[in-house]
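Colleague:
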Amino acid sequence: MAASLPPTRPRIPGSGLAKGLAVTLRTMTRKSVTEQYPDAQPELPPRTRGVIGLFEENCTVCMLCARECPDWCIYIDSHKETVPPAAPGGRERSRNVLDRFAIDFSLCMYCGICIEVCPFDALFWSPEFEYAETDIRELTHERDKLREWMWTVPAPPALDPAAEEPKEIAAARKTAEKLAAAQAAPDPTEPTESTGSTDSTESTGQTGTAGRQEGES
Numbered sequence: 085m086a087a088s089l090p091p092t093r094p095r096i097p098g099s100g101l102a103k104g105l106a107v108t109l110r111t112m113t114r115k116s117v118t119e120q121y122p123d124a125q126p127e128l129p130p131r132t133r134g135v136i137g138l139f140e141e142n143c144t145v146c147m148l149c150a151r152e153c154p155d156w157c158i159y160i161d162s163h164k165e166t167v168p169p170a171a172p173g174g175r176e177r178s179r180n181v182l183d184r185f186a187i188d189f190s191l192c193m194y195c196g197i198c199i200e201v202c203p204f205d206a207l208f209w210s211p212e213f214e215y216a217e218t219d220i221r222e223l224t225h226e227r228d229k230l231r232e233w234m235w236t237v238p239a240p241p242a243l244d245p246a247a248e249e250p251k252e253i254a255a256a257r258k259t260a261e262k263l264a265a266a267q268a269a270p271d272p273t274e275p276t277e278s279t280g281s282t283d284s285t286e287s288t289g290q291t292g293t294a295g296r297q298e299g300e301s
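85 is the number of the first residue of the sequence shown in the numbering used here; add one for each residue after it.
1) Taking the beta strand (DSSP E) that Gly-137 falls in, what are its first and last residues?
2) Taking only three categories from DSSP, how would you classify Ser-99?
3) Pair every Cβ in the segment 140 to 155 with every Cβ in the segment 165 to 177, then say whether three or more of these pairs are closer than 8 Å.
4) When you measure from the CB of Arg-175 to every non-hydrogen atom of the ligand FMN, does any distance come out below 7 Å?
5) Which residue marks the beginning of the alpha helix (DSSP H) containing Ile-220, and which one marks its end?
6) For Phe-213 and Ile-160, what's the separation of their Cα atoms in angstroms?
7) Kindly indicate which residue of Pro-91, Cys-143, Ala-106 has the alpha-carbon position closest to the one of Gly-98.
8) Under the rule that 16 or more other beta-carbon atoms within 10 Å means buried, what is Trp-233, buried or exposed?
9) Are the CB atoms of Ile-136 and Leu-230 within a distance shorter than 8 Å?
10) Check whether the segment 181 to 199 and the segment 117 to 130 touch, using three or more Cβ-Cβ pairs below 8 Å as the test.
11) Do the segment 107 to 122 and the segment 196 to 208 make contact, defined as three or more Cβ pairs closer than 8 Å?
12) What does the alpha-carbon distance come out to for the pair Ser-281 and Ala-247?
13) Can you round the beta-carbon distance between Pro-250 and Pro-130 to whole angstroms, since I take them to be within the 8 Å contact cut?
14) In its own chain, which residues sit with a C-beta less than 8 Å from the C-beta of Arg-227, not counting the 5 before and 5 after it?
15) Are the beta-carbon atoms belonging to Met-193 and Asp-219 less than 8 Å from one another?
16) Measuring alpha carbon to alpha carbon, tell me which of Ala-256, Gly-104, Pro-211 ends up nearest Trp-235.
17) What would DSSP say about Leu-243, mapped onto helix, strand or coil?
18) Let me confirm a value: His-225 is counted as buried when at least 16 other C-beta atoms fall within 10 Å, else exposed. Which label applies?
19) According to the neighbour-count rule (16 or more other Cβ atoms, all chains shown, within 10 Å of its Cβ), is Ile-158 buried or exposed?
20) Would you list the residues sitting across from Val-181 in a DSSP beta bridge?
21) Helix, strand or coil for Trp-233, going by three-state DSSP, please let me know.
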């Protein structure tokens with residue numbers, strides 16, 4: 085047998101209207117605040133998704149950002165170059181050289197997937213949002229324009245003081261401490277001054293012992 089539902093309280097006629105009027109009255113008593121944009125720039129949080137900047141030196145043309153983009157608004161062109169061997173007798177290698185990197189912001193939906201999937205930290209969010217154009221074709225930013233947005237990328241936030249030290253910094257610090265300890269340690273091949281003083285002390289002790297024996301005799 086199904087359990088019976090708990091009894092519901094009868095609704096008072098007009099209670100919904102009274103709640104709505106109460107919200108209106110509370111809003112009417114508050115002072116409205118208008119931001120004087122563009123005379124006063126808004127204070128944006130550091131993680132604002134304004135525009136995407138490109139750090140070209142970190143890009144390896146892996147095409148991962150273009151493949152994962154759901155809007156297909158990233159255009160990348162590249163070519164291969166042969167790199168001579170680093171040592172005599174070595175083998176030549178080939179590397180990708182970036183020719184074009186463009187983002188069409190008229191198609192971009194600012195999901196940030198391209199930034200998340202980039203394995204080499206070549207894409208960053210910039211809080212800048214004032215790049216409207218009268219021509220939609222001007223919203224396709226080429227590599228030079230994307231590089232300019234890097235100057236507006238904010239610095240990363242400071243680490244939590246209670247957080248664990250990053251592994252990279254810990255490894256570098258341990259290496260530096262070992263190097264400093266090795267430089268401060270004395271060289272075992274070099275003679276020390278303590279040997280001479282020990283010998284003189286021993287000879288002095290032997291002379292004093294011989295003198296006491298002669299006096300006793």
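Built from N, CA and C at the ideal position, the CB exists for glycine as well.
Modeller: Well, looking at it:
1) 135 to 138
2) helix
3) The segment 140 to 155 makes no contact with the segment 165 to 177: fewer than 3 CB pairs, one atom from each, lie closer than 8 Å.
4) Only the bare structure without any ligand can be found here, which leaves the ligand FMN out of the picture.
5) That residue, Ile-220, is in no alpha helix (DSSP H); it is neither H nor E in DSSP.
6) 23 Å
7) Ala-106
8) buried
9) yes
10) no
11) no
12) With a pLDDT of only 48 at Ser-281, under the threshold of 50, the placement of this residue in the model should not be trusted; the figure read from the coordinates follows. Cα to Cα, Ser-281 sits roughly 52 Å from Ala-247.
13) Actually they are not in contact, since the Cβ atoms of Pro-250 and Pro-130 sit about 20 Å apart, beyond 8 Å.
14) Leu-138, Glu-140, Leu-182, Arg-184, Phe-185, Ala-186
15) no
16) Pro-211
17) coil
18) buried
19) buried
20) His-163
21) helix
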